[in-house]
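To keep things clear, I will list the structure first and then write my remarks on it.
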Amino acid sequence: MTQENMDPSFVGEGMYRENILDHYKNPHNKGEIENAEIKFTENNPLCGDVITINLKLNDHKVDDIKFSGQGCAISQAATSMLTDEISGKTLEEIKNIKREDVVNLLGIDVGPVRTKCAVLGLVAIKEGIKEFENK
Amino acid sequence: MLQTKQLMDIEKIRKDFPILNVKVHGKPLVYLDNAATTQKPEAVINSITDYYENYNANIHRSIHKLGEEATAAYEEAHRKVSDFVNASFEEIIFTKSTTESLNLLAYSLGNKLKSGDEIVISQMEHHSNFVPWQQLAIKKGLKLKFIEIDENGLLKEDSINENITNKTKIVSLTHISNVLGTINNVEEIGKIVHENNALFIVDAAQSVPHMPVDVKKLDCDFLAFSGHKMLGPTGIGVLYGKKDLLEKMDPFLYGGEMIKEVTFEHTKFNDLPWKFEAGTMNIAQGIGLGTAIDYLNKIGMGNIEQHEKELIKYAMEKLNEIKEVEIYGPEADKRSGLIAFNVKDVHAHDTSQILDSEGIAVRAGHHCAMPLASVLGIVASARASFYLYNTKEEIDKLVEGINKVIKVFK
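Below, the structure written as structure tokens:
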């Protein structure tokens, strides 16, 4: 779904569509990976959301991904969806994921303030990759 | 009680605030974010416009009609603020915010501290009364100590007595917590501070707007508050300091206005309070604050305090009835007109978003008190905070909104 064909009624309580609440209540890929090559924690000081990303690599591809932390429905659902999306992808492919791509995964108009929540997981992943590559 | 009702005609008061006619998502605005900033009555907005339209000029330097008018109005605002907290004219310094007032103190008082000296704050401080002292302590090798809170969100008495000792140089405490709503007994704590020959600073950002505050009665050495939390504009804050202490302190900012005489070698600083007001100040905002004080005085701070007491008692009763709601802080009789809460298994941001769709404005987050959130064991909370124009009907709408949050997340 692109941003153009989004239903404008998905604001306010309309944000909390069933698929978002499903991901929030039963997040995919939640947990830790003990021997992860990439481990990075990102905070959103605005609301106190915190997400830690764990990436296990195999030949520069994502072999396993898990996330932990707590936060609002938007940050948790977006990260849950994103972890599904990047399983098996190369680091180069992940680096090309844009903020809008995450918003599109959610399929709602999150607005400027909540966009920070939506992309928290993506920021953690990208910063983690940066740190890994600079090692 | 009867008198209060007569003096506080809420419907009439609400008509003085143009923004209360605004619709949010097609619904009437229910503004419950007053601890963050308050709305402005027409009189305040008009006084700012009046300055810019009729006598805009720089103060204390221009020898012409407009300059004289602007200077008189700005000084009059100083006088109104002094009277409002029972200080003398020289003891009131305008800053841009409570944060700046507290930073001024950390800088100016910090200059005289030595490695090993102790500063005492509490676990419930806002970042503005936390980070300046923490950073000063790191820079100068001071010891920063924290008065602990109990499970009801009150300062522990034994922790007060343990932490404030003859090694303490400064104690800086909030009068009212912006998260818990706790009203601290600063008058009694001040006595302990002074018995130990330390300086006592009160962060009054949440108290001066909501109750009568008298610096002589509190006997604090310094007190800081903000204009925008008391019907005034943003960009204007206040620092009160006892005259003899201010006279001994170094200026925080150097430049224009704060000087008496400058030679190539030396500078003689200006008299109080101008010694601490360097550069062109926020003139319109100062004048606007003066008008806000006139407005508050007309209603009466005692009446405002009483009105908020009734609102918080009602809100606590109603929110306590909802089993999914967890409330932080003490019972209604020990708190000011604000209430931080969480809906079970729902993040505060989501709560706030759904309330917003009903036109209800609350704050969500850590409320600039991350250390306190960690003591409470939460990452965030939603906060409803009241002021003179709020009503019980608006609290009913908040309750309906919370029930909607529960329904959406069921």
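Chains as they are written, first to last, in my numbering: chain A, 1 to 135; chain B, 136 to 545. Using N, Cα and C, we set each Cβ at its ideal position, and we do this for glycine too.
In summary, the residues of the segment 60-76 of chain A whose CB is separated from some CB of chain B by less than 7 Å are Q70, G71, C72 and A73, in the order they occur in the chain. With a threshold of 9 Å between beta carbons, S250/B makes no contact with chain A. Residues of chain B whose Cβ lies closer than 8 Å to the Cβ of V50/A are, in chain order, V514.
When the alpha-carbon of I74/A is set against those of E18/A, G88/A and K89/A, the nearest one is in E18/A. Nearest to I457/B by C-alpha distance, out of K539/B, N193/B and Q269/B, is K539/B. From the listed residues I180/B, H213/B, E445/B and N169/B, the smallest Cα separation to V373/B is found for H213/B. Annotated as proximal: L523/B and I145/B, with beta-carbon spacing under 9 Å.
N44/A: member of the beta strand (DSSP E) spanning I38 to N44, first to last residue. Distance from the Cα of L473/B is smallest, within the candidate group F399/B, I447/B and L511/B, for I447/B. A Cβ-Cβ separation of about 4 Å places S243/B in contact with M384/B under the 8 Å criterion. Chain B has no Cβ within less than 9 Å of the Cβ of G88/A.
Taking 9 Å as the cut-off between beta carbons, the residues of the segment 14-35 of chain A near chain B are G14, M15, Y16, L21, Y24 and K25, in sequence order. The C-alpha of E330/B is placed about 20 Å away from the C-alpha of E283/B.
Taking 8 Å as the upper bound on Cβ-Cβ separation, chain B lies near residues R114 and C117 of the segment 111-127 of chain A. Taking 9 Å as the threshold, the shortest C-beta distance from M416/B to chain A does not fall below it. Contact between I129/A and K95/A is confirmed by a C-beta separation of about 6 Å, below the 8 Å threshold. For Q70/A, the secondary structure class from DSSP, reduced to helix, strand or coil, is strand.
Bounds of the alpha helix (DSSP H) holding G325/B are V321 to E330. The secondary-structure analysis by DSSP pairs V159/B across a beta bridge with K162/B. Using a Cβ-Cβ cut-off of 8 Å, L46/A is close to G500 of chain B, given in chain order. Selection E225/B, A467/B, L308/B and G435/B evaluated against K444/B yields A467/B as nearest (Cα-Cα).
In this structure, S263/B places its C-beta atom within 9 Å of the C-beta atom of T233/B.
By the neighbour-count definition (other C-beta atoms within 10 Å, threshold 16), F399/B is an exposed residue. Inclusion of I65/A and N54/A in the CB contact set at 9 Å is warranted, their separation being smaller than that value.
Distances from the alpha-carbon of A124/A to those of I38/A, Y16/A and G111/A put I38/A closest. A residue is called buried once 16 or more other Cβ atoms fall within 10 Å of its Cβ, and G512/B, having fewer, is exposed. Annotation: E226/B to K351/B spans about 12 Å, alpha carbon to alpha carbon. Of all alpha-carbon atoms in G376/B, L167/B and H199/B, the one lying nearest the alpha-carbon of S487/B is that of L167/B.
Of the candidates D406/B, E323/B, L237/B and N477/B, the residue whose Cα lies closest to the Cα of D354/B is E323/B. At a cut-off of 9 Å between beta-carbon atoms, D354/B makes no contact with chain A. In this chain, E131/A is not harboured by any beta strand (DSSP E); it is covered by the alpha helix (DSSP H) spanning L120 to E133.
Bridge partners of S520/B according to DSSP: D168/B and L473/B. Counting along the chain, Y463/B sits inside the beta strand (DSSP E) bounded by residues V460 to Y463.
For V543/B, the closest Cβ of chain A is nearer than 9 Å.
Secondary structure of N58/A (DSSP, three-state): strand. As computed with DSSP, G423/B is found in no beta bridge at all.
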